[in-house]
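The structure appears right after this line, and notes come after that.
Residue numbers (this note's numbering): 45 to 296.
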């Protein structure tokens, strides 16, 4: 985690610098001696953590943070000061911690642990938000590979290796250039696991990898056949129900 220290007292900065060096995950990328310098440097450095003294010679540290936030800086802020009278306002600015001088390694450990926990929570919230947005868009986070079972052994099949998928009774088979794999999934369940930008339903019993399509040939009564030439010619039916969608996807 990248850190910037803001304090107008050299001994205080040196002490904090020394203690933070005890944390291998911390990298101190800058030090500022005034509020004005912080307003210039912090937006450029974009640290993960900002240690800010409240009482600077030229500005109030709380005002510096408020101005930085207006400039789009979203670092974790730790106020470090000899006074505790500003704690309430500090937390109104979403400070992650408020520590009193003189600093101790034990107290800083609590601060760093708190920031790590906040980071994990933020990552979880981000993942949840992405999942919700995908769900709202009618999408799912799809597994990269699909399990196929042969004689009790499970093989994970990369969707990129699929030529097509076909129904075989209640379950679906995965057809690759190497062999045909049986699964314990229905065709519908397989379809839900695949990328809709790459795979398309052409028939109630078939899903096709569009990247493997060589030709589309008119058949009879408004139906078509898809020719897959990899590694040998194979034909997959396209029923009238799915012709329009196929034409739109392949633009013919």
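By construction, the Cβ of each residue, glycine as well, lies at the ideal position given by its N, Cα and C atoms.
Task: Distance between residue 140 and residue 272 (C-alpha atoms, nearest Å) - done: 58 Å
TODO: Throw me the rounded Cβ distance for the residue 108 and residue 79 pair, which I believe falls under 8 Å.
DONE: Indeed they touch by this definition, with Cβ atoms about 4 Å apart.
Open item on the list: Can you list, in chain order, the residues of its chain with a C-beta nearer than 6 Å to that of residue 51? Leave out the 5 residues immediately preceding and following it.
Closed with: 57, 97
TODO: Measure from the alpha carbon of residue 90 to the alpha carbon of each residue in 118, 243, 101, 258, then state which is nearest.
DONE: 118
Task: Closest residue to residue 294 among 255, 285, 47 (Cα-Cα distance) - done: 255
Task: Buried or exposed by the 16-neighbour rule on C-beta atoms within 10 Å, applied to residue 203 - done: buried
Task: Alpha carbon of residue 281 to alpha carbon of residue 291, nearest angstrom - done: 14 Å
Task: First through last residue of the alpha helix (DSSP H) which encompasses residue 107 - done: 105-114
Task: Straight-line Cα distance separating residue 277 from residue 285 - done: A direct Cα-to-Cα measurement between residue 285 and residue 277 gives close to 24 Å.
Open item on the list: Given this structure, state the Cα-to-Cα distance separating residue 240 from residue 64, to the nearest angstrom.
Closed with: 49 Å
Open item on the list: On a Cα-Cα basis, can you pick out the residue from 250, 279, 242 that is closest to residue 259?
Closed with: When each option's Cα is compared against that of residue 259, the closest is 279.
Task: Nearest candidate by alpha-carbon position, reference residue 267, set 274, 288, 249, 252 - done: 288
Open item on the list: Would residue 86 and residue 47 qualify as a contact pair, given that the criterion is a beta-carbon distance under 7 Å?
Closed with: no
TODO: Would you identify the three-state DSSP class for residue 165, choosing helix, strand or coil?
DONE: helix
TODO: State buried or exposed for residue 62, treating a residue as buried only when at least 16 other CB atoms are found within 10 Å of its CB.
DONE: With fewer than 16 neighbouring CB atoms inside 10 Å of its own CB, residue 62 falls in the exposed class.
- [ ] Answer yes or no: do residue 250 and residue 208 have a C-beta to C-beta separation smaller than 7 Å?
- [x] yes
Task: residue 122 vs residue 155 beta-carbon contact at 7 Å - done: Yes, these two residues count as a Cβ contact at 7 Å.
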